[in-house]
Structure formats: C-alpha cells, structure tokens
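Q:
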Amino acid sequence: RKSPGLAATHLQRKSPGLAVTCLQGALSARSQGQQSPRTPAQVAAIAATLSTLGSAHQAAGSLDLARDCLEQAVALLRSSPQFGGAALGSAYQTLGGIYRLLGWLEQACEAYEAAIVAREAVVGKDHISHASALNNLGIVLQQRGLYQGAWQCYERALHVQVKTHGRKHICLAGTLNNLGSVHTQLGDNQVAVACHIRALELQESQLALFHVDIATTLHNLGNALASLGLGSSAVGCLWRALEIWSKTVGTGHPEVGATLFSLGNVYRGMEQMESAGQCFTGALRIREANLGFEHPETARTRHCLTLLGLKASTFDGFGFENDSAAELEAIVEDLTASLGENHRWTLQARADLMGLKQAYPTPCSTARLSSSRRSSKGWDGEASEVGSVYSATDFLVKAVAAAADQVAERLDRCQ
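Take any residue in the sequence shown, count from 1 to its spot, add 2: that is its number in this note's numbering.
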C-alpha cells in the first residue's frame, strides 16, 4: 500500500528508477486477484498507477515505456464513462507531452485536444485548468507550422488566466511568451517584442535573477529582436539566456541547444559565419545526444549547418557538394517522416536540395554527411559575449510603444 507514496518520494528526489520499481510492484499487487469487470474504484486506482508509472518512465528517459503506460491508462479510463473528467484529462495531457518528446506531433495535438474536451465536460470552458493544455497544444501547433491555430490557443489560455488571476500574476508570463513567439512567426514582430517585454517585466519583478523562466523569455525576445533586424540586441539577449541556462541546468541541456541554434541563426544573418558555425555545431551535438539524429529539431540543425558549410566552401574539387546533397536528401527524408511533406521546414530543405542539384548537376554520394566533415569547432560552454540586454530592452519599450498598448488593451479585455 505504501508503494505509490514511496514512488512519489523517489520522483521528488530525482530517482526515477526506484520509482519505477515501486510502481511496478503496486501495479502488480492491484491487478492480482481482481475479477472482470473491475469496480470503478479499482479502475481508478490502476489507471492512476499506470499514469504515475508512465511519468516515472519518462523521467528515466524510457519514452516508449512511458507511452505504453499512458495509453493503457487512457484506454482504462475511456472504458468507464464515469471517468470522463479530470482523471482522463490529466492522462491525455501527460500522453500528449510524451508524444511531443517522441516527435509525434499530430498524435500530441490529438491528445491535448482530448484533454481539453474531457475537462470541459466537468468544469466548463473558462476554467483555469485548461490553460496548461491550451499552451501545450499551441506549442505543438507551432511546431507543425499551424500558427493561426496556435495563436487562438494562446489567446484563450491568456483569457482564462487573466480572468482567474488578474493582469499581474506570474502565470501570464509563459503565455505571453508563447503568444509573442507565434506573433514572430506570423510576421507581427513589434507585437511579439511587446509580449516578450511584458513577460520579462512580470518575471523580473517576481523571480530570481538567474531563474530559468527569465532565460526562456530572453531567448524569445532575442528571436523577436532578430526578426526586427536588431541583431546586436538579439545577440545580447541570447547570450544572457545562455548564461542562465548554463548555470542552472548545465551546458548539455536541450534548452542550451535551442538557444545556441537561435544564436547561430542571428550570427548567420549578421554574416558572422565562424560564430554561426560554432553555435550550430554545439546545438547539433546537444540535440543528437538528447533527441536523436532523426528528430525534426536535430534535422533542422543539420540543415542549417549544411547550408552554412556550402556558403563557406568553394568546393575546390573535393566533392563537398556531393556530401551536402546527400545530407540534404537525408534531412528531407527525416523531416517528411516526422512533420509531413508540406511542413515549411520540409519544403525549405527540399527547395535547397533542388537548388544545389541545379547548381552542381553531378551524381551524389548516398552516405549521410559524416561528423568528421562537419565543423570541428563548437560552442565551448562559455558565455563570453554577454551583451547589454536591459539597455536594449529600455530602447525597445519606446520603439514598440504602440504594440505594447495593444497587448495591454488585450489584457484588459480578458478581465
């Protein structure tokens, strides 16, 4: 009987392997001797144990085992109509997170949508419990290139948060960040900067200086500034974010990889190719280690690094263009498998491949670009170029005043 409680303690102490052992014992004990059909209490207990076991497997890095547990939990809860509310919604939301980590974005969307529907049946449409699933759904829709749908999710999440907590609650910062990110992708760059600045103001007034949420906001603000052509200010924000990530989660964390990728793109736009190559190489190493070689985020990084190599190379008869074409073909294949042939990342990679083949119409090698042909220099873990973030922010508060007023009016309407 103590196994689930002990498992929770192990999870809090970052010992997922011990938690898995406890939960497997609890699941076995609860399943033994039970006759079919099970009582509602038995179904609820087994489903709860499966959900927690799935979370423990996820924490241990065993995503396939985590998925199997959550899918079993969802199937159990769906088989009993009385569990169509909070328990089913929570199971679907956890399952959506696992699908997202696996790169199964369409399935992740379906799971998050099911979580929202299950909870709506119990608490209505404006309950605060929807905010997390709406933000998660919006993030996955963004990854799929469905920006208008993502924007609608974030707007709805912001509405329920302001209605419940008011305009100054810290929970708004995450949604404002997401909203700013999708505005950047929709081309509304001034509104994006205004959203990120508002999020940063909330966080700096309520969180510690080196809090990871501030790093997320600085990362997003850097991307938005780059979209406005303010490369130097963007670099300052991104290096400051990188400094926080390195001190809080370590230099091999996926967030470090994401920030390095953004920094590489900014440097590429500023024609600082050596710095861009170092950042992309560092991002690729981290993403390969955490996500795998064929994950869409890894493939996207490989794409950028390949293009950078093409721009820097004069080929000199060594056949680098053949290796690059083979790598681009592999990237297109990986992106098509995970995101579909009509996703913008897939389309861009295919267009670059066609352009290379037209420029160099020679037979291409079938091997993927080996790591030895990539840039050997990568980010060394030192945030040595931290810029003046806050002076840039002060300047942009004035530059995007009209957009900031729009965000404030939107928050007023949410109340």
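Built from N, CA and C at the ideal position, the CB exists for glycine as well.
#1: Among Lys127, Leu312, Ser340, Gly294, which has the Cα closest to the Cα of Ala327?
#2: What distance in whole Å lies between the Cβ atoms of Gly294 and Cys281, which are believed to be in contact at a cut-off of 8 Å?
#3: Give the single residue among Gly233, His221, Ser235 whose Cα lies nearest to the Cα of Leu262.
#4: Helix or strand or just coil, what does DSSP make of Glu245?
#5: Label Asp128 either buried or exposed according to how many other C-beta atoms from any shown protein chain fall within 10 Å of its C-beta, with 16 as the threshold for buried.
#6: Do you know how far the Cα of Leu337 is from the Cα of Cys239?
#7: Considering only residues of the same chain and omitting the five flanking positions on each side of Glu115, which have a CB-CB separation below 8 Å?
#8: Expressed to the nearest angstrom, what Euclidean distance is found between the alpha-carbon atoms of Glu112 and Asp215?
#9: Roughly how many angstroms separate the alpha carbons of Met275 and Leu160, rounded to a whole number?
#10: Between which two residues does the alpha helix (DSSP H) holding Trp153 run?
#11: For the alpha helix (DSSP H) holding Thr41, just list the boundary residues, first then last.
#12: Runs of 4 residues minimum, wholly inside the stretch 89-146: which ones carry the alpha helix (DSSP H) assignment?
#13: Please report how far the alpha carbon of Ser264 lies from the alpha carbon of Ala61, in whole angstroms.
#14: Within the continuous alpha helix (DSSP H) that includes Thr177, where are the two ends?
#15: Would you kindly work out how many angstroms separate the C-alpha atoms of Ile199 and Lys249, rounded to a whole number?
#16: Assuming contact is defined by CB atoms lying nearer than 8 Å, are His110 and Val142 in contact in what I supplied?
#17: Would you mind stating whether Leu78 and Ile118 have Cβ atoms separated by less than 8 Å?
#18: Go ahead and label Ala175 buried or exposed: buried means 16 or more other beta carbons lie within 10 angstroms of its beta carbon, across all protein chains shown.
#19: In or out: Ser235 buried (at least 16 other Cβ within 10 Å) or exposed?
#20: Going by beta-carbon coordinates alone, are Trp347 and Arg289 separated by less than 8 Å?
#21: Spatial neighbours of Ala394 within its chain, please: CB distance less than 6 Å, with the 5 preceding and 5 following residues excluded, ordered by chain position.
#22: Measuring alpha carbon to alpha carbon, tell me which residue in Arg102, Arg80, Ala31 is nearest Asp66.
#23: With burial defined as no fewer than 16 other Cβ atoms inside 10 Å of the residue's Cβ, what is the status of Val76: buried or exposed?
#24: Applying the criterion that 16 or more other CB atoms from any shown protein chain within 10 Å of the CB defines a buried residue, is Thr11 buried or exposed?
#25: Which whole-angstrom value describes the C-beta separation of Val125 and Ser131, a residue pair presumed to lie in contact below a C-beta threshold of 8 Å?
#26: Would DSSP call Glu276 helix, strand or coil?
#27: Nearest-angstrom Cα distance between Ala217 and Gly284?
#28: Quick one: what's got a C-beta closer than 8 Å to Gly99's C-beta in the same chain, skipping five residues either side?
#29: From which residue to which residue does the alpha helix (DSSP H) around Leu202 run?
#30: Go through its chain and collect everything with a Cβ distance to Asn292's Cβ below 6 Å, but skip five positions before and after it.
#31: Report yes if the C-beta distance between Ser183 and Gln150 is below 8 Å; otherwise report no.
#32: Compare the C-alpha of Leu310 against each of Leu330, Glu296, Ala278 and name the closest.
#33: Is Cys197 close to chain B? Criterion is C-beta to C-beta, closer than 8 Å.
#34: State buried or exposed for Arg15, treating a residue as buried only when at least 16 other CB atoms are found within 10 Å of its CB.
#35: Roughly how many angstroms separate the alpha carbons of Val193 and Glu73, rounded to a whole number?
#36: Using a Cβ-Cβ cutoff of less than 6 Å, which residues in the same chain neighbour Ser229 once the five nearest sequence positions on both sides are dropped?
A: According to the structure shown:
#1: Here residue 327 is taken as the residue at index 325 of the sequence shown, counted from 1. Of the candidates Lys127, Leu312, Ser340, Gly294, the one whose C-alpha sits nearest the C-alpha of Ala327 is Leu312.
#2: For the purposes of this step, residue 281 is identified with residue 279 of the sequence shown, where counting begins at 1. For the purposes of this step, residue 294 is identified with residue 292 of the sequence shown, where counting begins at 1. About 20 Å; that fails the 8 Å criterion.
#3: As a working mapping, residue 262 is identified with position 260 in the sequence shown. Among Gly233, His221, Ser235, the Cα nearest to that of Leu262 is on His221.
#4: Residue numbering aside, residue 245 sits at position 243 when the sequence shown is read from its first letter. In the structure shown, Glu245 sits in a helix (DSSP, three-state: H, G or I).
#5: Looking up residue 128 in the sequence shown gives position 126. Counting Cβ neighbours within 10 Å, Asp128 comes out exposed, since fewer than 16 surround it.
#6: Here residue 239 is taken as the residue at index 237 of the sequence shown, counted from 1. Here residue 337 is taken as the residue at index 335 of the sequence shown, counted from 1. Taking the straight line from one Cα to the other gives about 29 Å.
#7: As a working mapping, residue 115 is identified with position 113 in the sequence shown. Same-chain partners within the cutoff: Leu139.
#8: Your numbering for residue 112 matches position 110 in the sequence shown. Your numbering for residue 215 matches position 213 in the sequence shown. If I take the Cα positions, the gap works out to 27 Å.
#9: The residue given as residue 275 occupies position 273 in the sequence shown. The residue given as residue 160 occupies position 158 in the sequence shown. About 39 Å.
#10: Locating residue 153 in the sequence shown gives position 151, where the first residue counts as 1. For Trp153, the enclosing alpha helix (DSSP H) stretches over residues 149-167.
#11: On the sequence shown, position 39 is the one that residue 41 refers to. No alpha helix (DSSP H) holds Thr41; DSSP gives it neither H nor E.
#12: 107-125, 132-145
#13: Along the sequence shown, read from residue 1 onward, the residue named residue 264 stands at position 262. Along the sequence shown, read from residue 1 onward, the residue named residue 61 stands at position 59. Approximately 27 Å, taken between the alpha carbons.
#14: In the sequence shown, residue 177 corresponds to position 175, counting from 1. From DSSP, the alpha helix (DSSP H) with Thr177 extends over 173-187.
#15: Within the sequence shown, the letter at position 197 stands for residue 199. Within the sequence shown, the letter at position 247 stands for residue 249. If I take the Cα positions, the gap works out to 23 Å.
#16: Position 108 of the sequence shown, counted from the first residue, corresponds to residue 110. Position 140 of the sequence shown, counted from the first residue, corresponds to residue 142. Reading off the sequence, residue 110 comes out as Ala, not His. Yes. Within cutoff.
#17: Along the sequence shown, read from residue 1 onward, the residue named residue 78 stands at position 76. Along the sequence shown, read from residue 1 onward, the residue named residue 118 stands at position 116. In this structure, Ile118 does not lie closer than 8 Å to Leu78 by Cβ.
#18: Reading the sequence shown from its first residue, position 173 is the one you call residue 175. Buried, because 16 or more other Cβ atoms sit within 10 Å of the Cβ of Ala175.
#19: Mapped onto the sequence shown, residue 235 falls at position 233. Buried: at least 16 other Cβ atoms inside 10 Å.
#20: The residue you call residue 347 lines up with position 345 of the sequence shown. The residue you call residue 289 lines up with position 287 of the sequence shown. Contact: no.
#21: What you label residue 394 is simply residue 392 of the sequence shown in a count that begins at 1. Confidence at Ala394 is low in this model, with a pLDDT of 40, below 50, so the placement of that residue should be treated as unreliable; the coordinate-derived value is given next. Ser235, Gly238.
#22: The residue labelled residue 66 in the question sits at position 64 within the sequence shown. With distances taken between Cα atoms, Asp66 lies closest to Arg102.
#23: Residue numbering aside, residue 76 sits at position 74 when the sequence shown is read from its first letter. Answer is buried; the Cβ neighbour count reaches 16.
#24: As a position in the sequence shown, residue 11 is number 9, starting the count at 1. Exposed: under 16 other Cβ atoms inside 10 Å.
#25: Position 123 of the sequence shown, counted from the first residue, corresponds to residue 125. Position 129 of the sequence shown, counted from the first residue, corresponds to residue 131. Val125 to Ser131, Cβ: 6 Å. Contact.
#26: Start at 1 with the first residue of the sequence shown, and residue 276 comes out as number 274. Of the three classes helix, strand and coil, the one that applies to Glu276 here is helix, per DSSP.
#27: Working through the sequence shown from its first residue, we reach residue 217 at position 215. Working through the sequence shown from its first residue, we reach residue 284 at position 282. The alpha-carbon atoms of Ala217 and Gly284 are separated by roughly 18 Å.
#28: Within the sequence shown, residue 99 is the residue found at index 97, counting from 1. Cβ within range, chain order: Gln60, Ala110, Asn138.
#29: The sequence position of residue 202 within the sequence shown is 200, counting from 1. Start and end: 191-208.
#30: One-based indexing of the sequence shown puts residue 292 at position 290. Hits under 6 Å: Pro256.
#31: By 1-based counting over the sequence shown, the position of residue 183 is 181. By 1-based counting over the sequence shown, the position of residue 150 is 148. Their beta carbons are not under 8 Å apart, which means Ser183 does not touch Gln150 by this criterion.
#32: Numbered from its first residue, the sequence shown carries residue 310 at position 308. It is Ala278.
#33: No chain B appears in the structure shown, which is made up of a single protein chain.
#34: As a working mapping, residue 15 is identified with position 13 in the sequence shown. By the beta-carbon neighbour count (other beta carbons within 10 angstroms, threshold 16), Arg15 is exposed.
#35: The residue given as residue 193 occupies position 191 in the sequence shown. The residue given as residue 73 occupies position 71 in the sequence shown. Val193 and Glu73: Cα-Cα distance of roughly 39 Å.
#36: Within the sequence shown, numbered from 1, the residue matching residue 229 stands at position 227. So the list reads Thr186, Asn191, once near-sequence residues are dropped.
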